[in-house]
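Visitor:
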Amino acid sequence: HSFSLTTFDPSGKLNQVERSSDASAKGTPVIAILRHDTILMASPQVCPSAFIEDDGTARFVRITPDIIVSHSGLSADGRVLVQIAQRVAVQHKYTFDENIQIDILLEEISLLFQEYTIKAAARPFGCTLIVAHLPSIGDHDLGVKPAIYQVDPSGA
């Protein structure tokens, strides 16, 4: 069971997904707090270990005026995922002439994470994404409230 990414071990777990979740947990932490109509996101400037060097990767990236993404875990995976999220948002804007809705972006990102848990010759992403959605004032009238989402290496 240790030779294939998609073979479950005797306890019913995918070892590669477990390892990628561990890598994600060892990254620089990101804190997101939702209170009323405000979202606060923070991350320490110091690295969690003297053996880890900060590569200057932006920890918080605005995808649309309403959506901000942050990552914790392997910085290289975080950069790739943020670039993909940006590309998905730009393609949606180009195709439909409107900003991407949060549920569509989350579904696209989750499907990508999940795809890499079963894709041949690939490993799951060692990164967790925190996605903050702070809708514009006009959307509040429609009942859309600010929210924080987390997408982990399994795609959940």
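According to full-length UniProt numbering, the sequence shown is numbered sequentially starting from 1. Glycine included, C-beta positions come from ideal geometry on N, C-alpha and C. Remember, predicted model here, so these are calculated numbers, not experimental data.
Could you please give me the residues that DSSP links to residue 34 through a beta bridge?
Guide: 39
Visitor: DSSP beta-bridge partners for residue 133?
Guide: 67 and 147
Visitor: Is it right to say residue 40 is buried, meaning 16 or more other beta carbons lie within 10 angstroms of its own, or is it exposed?
Guide: Residue 40 comes out exposed.
Visitor: Inspect the beta-carbon positions of residue 42 and residue 132 and report whether they are closer than 8 angstroms.
Guide: no
Visitor: Which value, in whole angstroms, describes the spacing of the CA atoms of residue 142 and residue 29?
Guide: The alpha-carbon atoms of residue 142 and residue 29 are separated by roughly 33 angstroms.
Visitor: Taking the CB atoms as reference points, tell me whether residue 71 and residue 134 lie closer together than 8 angstroms.
Guide: no
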